[in-house]
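Have a look at the structure below, then the notes.
In structure tokens form, the structure reads like this:
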């Protein structure tokens, strides 16, 4: 499974959304309505499922899904 597929699975679990709703270059807050609590849950899910720890500040700076993927890939 690719990093993108793994992260989509985390988003699906945390946000209860269809992965097809995730637009790679759209602002996460605007397109998916992600709040700070959900960001923490996403961070925990990524650590658990992928084994990469993301600081809350990294997730907050990552405005798009693709930016999150790039950060994870740089840490693997």
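In this note's numbering, the protein residues as written are 515 to 590. Just so it is clear, CB atoms sit at the ideal spot from N, CA and C, and this is done for glycine as well. Predicted model, so just to flag it, every value in this text is computed and none were measured.
Query, Result
"Looking at C-beta atoms only, is the number of pairs between the stretch 529-546 and the stretch 563-582 that lie closer than 8 Å three or more?", "yes"
"Alpha carbons only, please: which of 518, 586, 549 is nearest the one belonging to residue 565?", "586"
"Answer yes or no: do residue 533 and residue 526 have a C-beta to C-beta separation smaller than 8 Å?", "yes"
"Tell me the residue span of the alpha helix (DSSP H) that contains residue 563.", "550-564"
"Who are the near neighbours of residue 520 in its chain, counting only those whose CB is closer than 7 Å to its CB and skipping five residues on each side?", "563, 564"
"Taking 8 Å as the cut-off, decide whether the C-beta atoms of residue 530 and residue 554 are in contact.", "no"
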